[in-house]
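Number of protein chains: 2
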Amino acid sequence: MRQAGRYLPEYREVRTRAGDFLTMCRTPEIAAEVTLQPIRRFGLDAAIVFSDILTPLVPAGIELDFAPAPHIANPLRTPADLDRLRFPEPWSGTEFLSETLALVREALAPETALIGFCGAPWTLGTYLVEGSTSRSFSLAKAFAHHHPGVFDALVNRLADAMAAYLRSQVEAGAQAVQVFDSWIGALGAEDARRWALGPARRLLEKIGDLGVPRIYFANGGAHLLHDMRDMPCEVIGLDWRADLAMATRALPDHALQGNLDPGVLMGPDDAIRARTLAMVAAAPRRGYIANLGHGVTPDVPVRAVSTFVETIQRYRYE
Amino acid sequence: MRQAGRYLPEYREVRTRAGDFLTMCRTPEIAAEVTLQPIRRFGLDAAIVFSDILTPLVPAGIELDFAPAPHIANPLRTPADLDRLRFPEPWSGTEFLSETLALVREALAPETALIGFCGAPWTLGTYLVEGSTSRSFSLAKAFAHHHPGVFDALVNRLADAMAAYLRSQVEAGAQAVQVFDSWIGALGAEDARRWALGPARRLLEKIGDLGVPRIYFANGGAHLLHDMRDMPCEVIGLDWRADLAMATRALPDHALQGNLDPGVLMGPDDAIRARTLAMVAAAPRRGYIANLGHGVTPDVPVRAVSTFVETIQRYRYE
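Line by line, the protein sequences are chains A and B.
Under the working numbering, think of the first position of the first sequence as 12, with each following residue one higher.
Under the working numbering, think of the first position of the second sequence as 12, with each following residue one higher.
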């Protein structure tokens, strides 16, 4: 959750100059500049490249815009529509991101890691079917329940494509990768295992040879802790609904990442410090990335993010 | 989740005639007619009165409209704003609902139960502060973290007012009451205990003398099962993210209600039947209300609801 955003005045300034969000993602100089903003301001230990999970769908023929919410003009509503989705093999079409990664890697201090990322198959599948963010995911679930085998094929194709996409990011300089399953929280355990965790596992396995840490972020996945025990990744990222102490027990083979409620950053400094210290105290000592449980919302004051980061940076295990 | 809605053609017909949603809620003949629609069509074992959780805020001075999403013109953004919130004592201002309940009770067969309801303190508190539905609940969380004592007072006042409101519903004919905590899923466990479960407990305790079953619906509360163990109510309602077998163990003193994913109703009949039977099989035999895990979405076919209800009605424990 280190990505720059509207809470930073320097981001808003670049955004105003650059115009729309997709142009920012696709212009390496701008994306690199914005990637570096939180590092300059907060001295974070890692930078995550500035991008959006939906941009790698464009090379597959998806018509995407942000106005300002993500919108797909040609969603996949029937099994036949899947023929329209053609991912390039070998992977291509996101050279702008590779250039961005190279620029950022060059600018970063050697000790600051660079993180690449992609959307998880289920999460991308919901956008492909719904055409936008959804509250109920009715269309995606209708597709999955009416055509379960076809939906399996869709999420598996997304897994393979995203594995190739992450590979291109590591080749360009990413030293860790994060897979965002933003909408897994819409699924009960049975459906999550089939349509989200299964294809995410396929994706993560396919990049096992890259030798970089793999982070799987299960947003809203507090009810799925036990189902993630064998995920082929080094780190499980959790949002603030998950109890960190419980997750430490349920996921003994993983490092954990997270999970302060970004809503706490709307509060005063003393509350931010107290909650951050409580979070770190509950975290597993075997491996832990202190972080928010979700992205910084636009209305969070920069001061609050500083307080959060400084509290972590000053923390020492006894 | 028995409330009429846009998925029913007979509801859309009444809605077109009646005009806006609030007028429907406030006109007893219309609200009673709409309450009875799902009973006539599906032969359900209980009717829930047609209303909205926000209507009892109007007698306290809240300016509410639905256009079409709920919107409050005078939200509470500072501690001083709380002075503007004045609930009538003794309770008054929702006589239209009492009339509706009386009309419905008269029309219902004696064996069909009538359910009254209200919003839970936390959920109502988010609307009062945000002024609308939210994704991040930043404003409500900002208020709570900056003024925790004042926010405690707000949710406690809401608990007391909703207890009086439910009392008026039971006096008018409701034979069970449901408390909807629609947005408890936005909170981690620590905040949920203080701002949602605590005041909900206060509300539920205050109506313990009414002698009617109390249902507490914790939407998105799968991470809070153990925190709800001592809730002073007879039934805990769960959404589809909660594992029913796990909840049966975690909540040994409660009957359970739920929890099929309404998204399953977007699928074919065989999937609906299979998932419904699996749900009932996992449910506690000590007390269980078969239900959806959330309301029926507008795009669900009526056929699918019939299949769901018939599968339950035909089910017999071995």
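In this text, a Cβ means the ideal position worked out from N, Cα and C, and glycines have one as well.
Specify the secondary structure class of residue i as computed by DSSP and reduced to three states.
{"i": "H158 of chain B", "result": "coil"}
{"i": "Q186 of chain B", "result": "coil"}
{"i": "N167 of chain B", "result": "helix"}
{"i": "A294 of chain B", "result": "coil"}
{"i": "S109 of chain A", "result": "helix"}
{"i": "A124 of chain B", "result": "strand"}
{"i": "H234 of chain B", "result": "helix"}
{"i": "R286 of chain A", "result": "helix"}
{"i": "S143 of chain B", "result": "strand"}
{"i": "G269 of chain A", "result": "strand"}
{"i": "A229 of chain B", "result": "strand"}
{"i": "L215 of chain B", "result": "helix"}
{"i": "Y22 of chain A", "result": "helix"}
{"i": "L303 of chain A", "result": "strand"}
{"i": "G130 of chain A", "result": "strand"}
{"i": "F77 of chain A", "result": "strand"}
{"i": "G248 of chain B", "result": "strand"}
{"i": "D92 of chain A", "result": "helix"}
{"i": "D63 of chain A", "result": "coil"}
{"i": "A84 of chain A", "result": "coil"}
{"i": "A58 of chain B", "result": "strand"}
{"i": "D192 of chain A", "result": "strand"}
{"i": "D220 of chain A", "result": "helix"}
{"i": "R97 of chain A", "result": "coil"}
What's the C-alpha gap between residue i and residue j?
{"i": "D332 of chain A", "j": "G160 of chain B", "result": "Within the shown structure, residues of chain A are numbered from 12 to 329, placing residue 332 of chain A beyond reach of any answer."}
{"i": "G248 of chain A", "j": "G306 of chain B", "result": "30 angstroms"}
{"i": "G142 of chain A", "j": "A120 of chain B", "result": "45 angstroms"}
{"i": "A233 of chain A", "j": "M257 of chain A", "result": "10 angstroms"}
{"i": "P224 of chain B", "j": "P273 of chain B", "result": "25 angstroms"}
{"i": "A211 of chain A", "j": "G209 of chain B", "result": "38 angstroms"}
{"i": "V115 of chain B", "j": "V275 of chain A", "result": "45 angstroms"}
{"i": "L139 of chain B", "j": "P70 of chain B", "result": "13 angstroms"}
{"i": "P20 of chain A", "j": "V320 of chain A", "result": "18 angstroms"}
{"i": "G222 of chain B", "j": "D264 of chain B", "result": "17 angstroms"}
{"i": "R213 of chain B", "j": "V246 of chain A", "result": "40 angstroms"}
{"i": "R146 of chain B", "j": "T144 of chain A", "result": "12 angstroms"}
{"i": "G231 of chain B", "j": "G199 of chain B", "result": "11 angstroms"}
{"i": "Q2 of chain A", "j": "E201 of chain A", "result": "Within the shown structure, residues of chain A are numbered from 12 to 329, placing residue 2 of chain A beyond reach of any answer."}
{"i": "P39 of chain B", "j": "M290 of chain B", "result": "36 angstroms"}
{"i": "L303 of chain B", "j": "V313 of chain B", "result": "14 angstroms"}
{"i": "M239 of chain A", "j": "L262 of chain A", "result": "7 angstroms"}
{"i": "Y299 of chain A", "j": "L267 of chain A", "result": "5 angstroms"}
{"i": "L87 of chain A", "j": "L93 of chain A", "result": "6 angstroms"}
{"i": "S109 of chain A", "j": "E122 of chain A", "result": "20 angstroms"}
{"i": "P243 of chain B", "j": "G136 of chain B", "result": "21 angstroms"}
{"i": "T27 of chain B", "j": "I126 of chain A", "result": "53 angstroms"}
{"i": "H237 of chain B", "j": "F228 of chain B", "result": "15 angstroms"}
{"i": "L215 of chain B", "j": "G16 of chain B", "result": "27 angstroms"}
{"i": "L235 of chain B", "j": "F61 of chain B", "result": "28 angstroms"}
{"i": "D310 of chain A", "j": "T66 of chain B", "result": "29 angstroms"}
{"i": "G269 of chain B", "j": "A301 of chain B", "result": "6 angstroms"}
So with CB distances below 7 angstroms, who are the chain A contacts of residue i?
{"i": "M277 of chain B", "result": "S149, K152, A153 and H156"}
{"i": "G199 of chain B", "result": "W251, R252 and D272"}
By the criterion of Cβ-Cβ separation under 9 angstroms, what are the contact partners of residue i in chain B?
{"i": "T137 of chain A", "result": "Those do not exist, as T137 of chain A stays about 11 angstroms from chain B at its closest Cβ, beyond 9 angstroms."}
{"i": "A282 of chain A", "result": "H156, H157 and P159"}
Who are the neighbours of residue i on chain A, taking C-beta pairs under 9 angstroms?
{"i": "D310 of chain B", "result": "S147, S149, L150 and A153"}
For residue i, which residues from the same chain have a beta carbon less than 7 angstroms from its beta carbon, with the 5 sequence-adjacent residues on both sides left out?
{"i": "A155 of chain A", "result": "F162 and W206"}
{"i": "I41 of chain A", "result": "V25, A29 and M35"}
{"i": "A124 of chain A", "result": "D56, A57, Q186 and A187"}
{"i": "R23 of chain B", "result": "R17"}
Below 7 angstroms, is the gap between the Cβ of residue i and the nearest heavy atom of the ligand COA?
{"i": "R95 of chain B", "result": "The ligand COA is absent from the structure shown, which contains no ligand whatsoever."}
Within the same chain, show all residues whose beta-carbon is closer than 8 angstroms to that of residue i, passing over the 5 residues directly before and after it, in chain order.
{"i": "I218 of chain B", "result": "A174, L177, R178, V181, V188 and R225"}
{"i": "G54 of chain A", "result": "V320 and Q324"}
In chain B, which residues lie with their C-beta within 8 angstroms of the C-beta of residue i?
{"i": "H234 of chain A", "result": "A233, H234, R252, A253 and D254"}
Can you find the residues in the same chain that come closer than 6 angstroms, C-beta to C-beta, to residue i, ignoring five residues on each side of it along the sequence?
{"i": "A197 of chain A", "result": "F148"}
{"i": "A84 of chain A", "result": "E74"}
{"i": "T318 of chain B", "result": "D280 and I283"}
{"i": "F32 of chain B", "result": "F77"}
- request: Quick one: which residues of the stretch 240–267 of chain A get their C-beta closer than 9 angstroms to a C-beta of chain B? List them in chain order.
  value: Listed by position along the chain: D250, W251, R252, A253, D254 and M257.
query: What are the residues of the stretch 147–166 of chain A that lie near chain B, defined by any Cβ-Cβ distance shorter than 7 angstroms?
result: The residues in question are S147, F148, S149, K152, A153, H156 and H157.
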